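Enquirer:
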Amino acid sequence: MSEFNNLIELQMMMCLLMAVGALFRKINLITKEGKSVLTDLIIYYLLPCSIIRSFWVEFDSTIISAGLTVFLMSVGIQVGCSLVSAFCYNSIQKEQRVIMQYGTICSNAGILGNPLAEGLYGPLGLLYASIYTIPQRIAMWSEGVSFFTESPDKLTLVKKVITHPCVIACMIGIVMMLSGIRFPGFVSRAVDASADCLTAVSMIFVGTVLYEAGLKNVISALSLLYSAIRLFIIPLITMAVCMVIGTDKLAGSVCVILAAMPAGNTTAIMAAKYGGDEEFATQLVLLTTVLSMVLLPVWSLVLDKVL
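My numbering applies: residue 3 is where the sequence shown begins, and numbers increase by one.
1) Compute the Euclidean distance between the alpha carbons of Pro50 and Ile107, then round it to the nearest angstrom.
2) Grouping DSSP H, G and I as helix and E and B as strand, with all else coil, what is Ala262?
3) Three or more C-beta pairs closer than 8 Å, one from the stretch 198 to 209 and one from the stretch 254 to 261: is that the case here?
4) Kindly give me the distance between the Cβ atoms of Gly23 and Met205, rounded to whole angstroms, as I take these residues to be in contact under 8 Å.
5) Within 8 Å, do at least three Cβ pairs link the stretch 263 to 281 to the stretch 138 to 152?
6) Name the two residues that bound the continuous alpha helix (DSSP H) containing Thr106.
7) Where do the N-terminal and C-terminal ends of the alpha helix (DSSP H) with Val246 fall, by residue?
8) For the alpha helix (DSSP H) that Tyr47 lies in, which residues bound it at each end?
9) Closer than 8 Å is the cut-off here; do at least three beta carbon pairs connect the stretch 291 to 298 with the stretch 224 to 237?
10) DSSP three-state label for Ser212, please.
11) Have a look at Ser181, Ser76, Thr269 and flag the residue whose alpha-carbon is nearest the alpha-carbon of Glu281.
12) Following the continuous alpha helix (DSSP H) through Ala167, name the residue where it begins and the one where it ends.
13) Who are the Cβ neighbours of Met102 in its own chain at under 6 Å, not counting the five residues just before and after it?
14) For Asn30, count neighbouring C-beta atoms within 10 Å of its own C-beta (all shown protein chains included) and say buried if the count is 16 or more, exposed if not.
15) Does DSSP put Tyr130 in a helix, in a strand, or in coil?
16) Give the single residue among Ile133, Leu25, Leu305 whose Cα lies nearest to the Cα of Ile53.
17) For Ile221, count neighbouring C-beta atoms within 10 Å of its own C-beta (all shown protein chains included) and say buried if the count is 16 or more, exposed if not.
18) Give me the residue from Met263, Pro264, Leu288, Leu305 with the minimum Cα distance to Ala244.
19) Should Leu289 and Ser196 be called a contact, given that it needs their Cβ atoms to be closer than 8 Å?
20) State the Cα-Cα distance for the pair Pro137 and Met241, rounded to the nearest angstrom.
21) Distance check for Gly112 and Arg184, CA to CA, integer angstroms please.
22) For Pro167 and Trp143, what's the separation of their Cα atoms in angstroms?
23) The alpha helix (DSSP H) with Val220 in it runs from where to where?
24) Rounded to the nearest angstrom, what separates Ala141 and Gln80 at their Cα positions?
25) When we look at the beta-carbon of Arg324 and count the other beta-carbons within 10 Å, is it buried (16 or more) or exposed?
26) Measuring only from the beta carbon, is Val304 closer than 7 Å to any heavy atom that is part of the ligand MN?
27) Which whole-angstrom value is the C-beta distance of Ile44 and Phe207, which I expect to be below 8 Å?
28) To which residues of the same chain is Gln13 closer than 6 Å at the C-beta, ignoring the five residues directly before and after it?
29) Looking at C-alpha atoms only, which residue of Glu214, Trp58, Gly82, Ala230 is the closest neighbour of Lys37?
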């Protein structure tokens, strides 16, 4: 029961931070110009710090096998999500389609999933969650960025993607993970402290967008379709694969729980940064976050029975 309490408290905390952002926008403590500053702060500094820190993983020989399974499962999930993005939303107009495509490949597995995995499954769960997020980090800052970036040719697009600060952070993180190299102590502490700010700042930002968008269109045919794919179909397929291949119970549980994460906060942040439909993006983040408060405990109970 304590795991469920931790899960609910974490999700309620995120909703509270969104409410703070909405209040600050309402009283104009955060202006339109200030919202733009928050976007740049998140994209160019806080997210890169969080990405780099997520790669600070030291492998132990006793968990390499399960860790490799988690990694391969995560790669498979990302490939599946990319296929869904490519083929399931073609009849939807572009403004909403790119949001749903990005939100399908980029869940909240990092910001919400890591602390959730630690709360439910302890330090080993956090390690597996960190491994799980590696392919998603790479996908969200390569394929994900391409959804919002238009260029005259593919070479220009590739240049834009690989020079994005979050892609560069992925490259730095991979090198640090494989080599074991770390920053000097004071730099590591600065990165760590900055990464700790990401959840609060990003959810406050989402709250400001939510205030401007309003709640009237949160529930729609498109948002319900996306929620079903993000919160039910993707984790259901993941669980079925784990059962078929006989994954380790803990490793499989982490994979399914992280596959069932709501839309990532970056869905709204990227839409705002690159002139996308930030209102629709925020509605997807809000609806899937609220629905996940009900569905994630259910998934946890199901996994305890079937894996």
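No residue lacks a Cβ here, since even glycine has one placed at the ideal position from N, Cα and C. Nothing here was measured: the structure is a model prediction, and the numbers come from that model.
Expert: Quick look at the numbers:
1) When rounded, the distance between both Cα atoms is 18 Å.
2) Residue state, collapsed to three classes: coil.
3) No contact exists between the stretch 198 to 209 and the stretch 254 to 261.
4) About 7 Å separates the beta carbons of Gly23 and Met205, which is inside the 8 Å limit, making them a contact pair.
5) Touching, yes, given that three or more Cβ pairs across the two stretches are closer than 8 Å.
6) Membership of Thr106 in the alpha helix (DSSP H) is indicated by the continuous run 96 to 107.
7) From DSSP, the alpha helix (DSSP H) with Val246 extends over 236 to 247.
8) Counting along the chain, Tyr47 falls outside any alpha helix (DSSP H), and DSSP gives it neither H nor E.
9) Enough Cβ pairs lie closer than 8 Å, so yes.
10) The sequence given here has Leu at residue 212, not Ser. The three-state secondary structure of Leu212, taken from DSSP, is helix.
11) Comparing Cα positions, the closest option is Thr269.
12) Reading off the sequence, residue 167 comes out as Pro, not Ala. Per DSSP, Pro167 belongs to the alpha helix (DSSP H) from 167 to 181.
13) Answer for Met102: Tyr91, Tyr228, listed in chain order.
14) Under this definition Asn30 is an exposed residue.
15) Tyr130: helix per DSSP, three-state reduction.
16) Taking only the C-alpha atoms, the option nearest Ile53 is Ile133.
17) So Ile221 counts as exposed.
18) One point to set straight first is that residue 244 is Cys, not Ala, in the sequence displayed. Taking only the C-alpha atoms, the option nearest Cys244 is Leu305.
19) For Leu289 and Ser196, no; Cβs fall outside 8 Å.
20) Their backbone Cα atoms lie some 18 Å apart in a straight line.
21) One C-alpha to the other measures close to 21 Å.
22) Going by the C-alpha atoms only, they are around 9 Å apart.
23) Element bounds for Val220: n/a, residue is neither H nor E.
24) Their Cα atoms are separated by approximately 7 Å.
25) The chain is shown from 3 up to 309; residue 324 falls before or after that span and cannot be answered.
26) Among the ligands in the structure shown, none appear at all, so the ligand MN cannot be discussed.
27) Between Ile44 and Phe207 the beta-carbon gap is near 7 Å, inside 8 Å, which marks them as a contact.
28) Once the five neighbours on either side are set aside, the close Cβ partners of Gln13 are Met295.
29) Minimum Cα distance to Lys37 is reached at Glu214.
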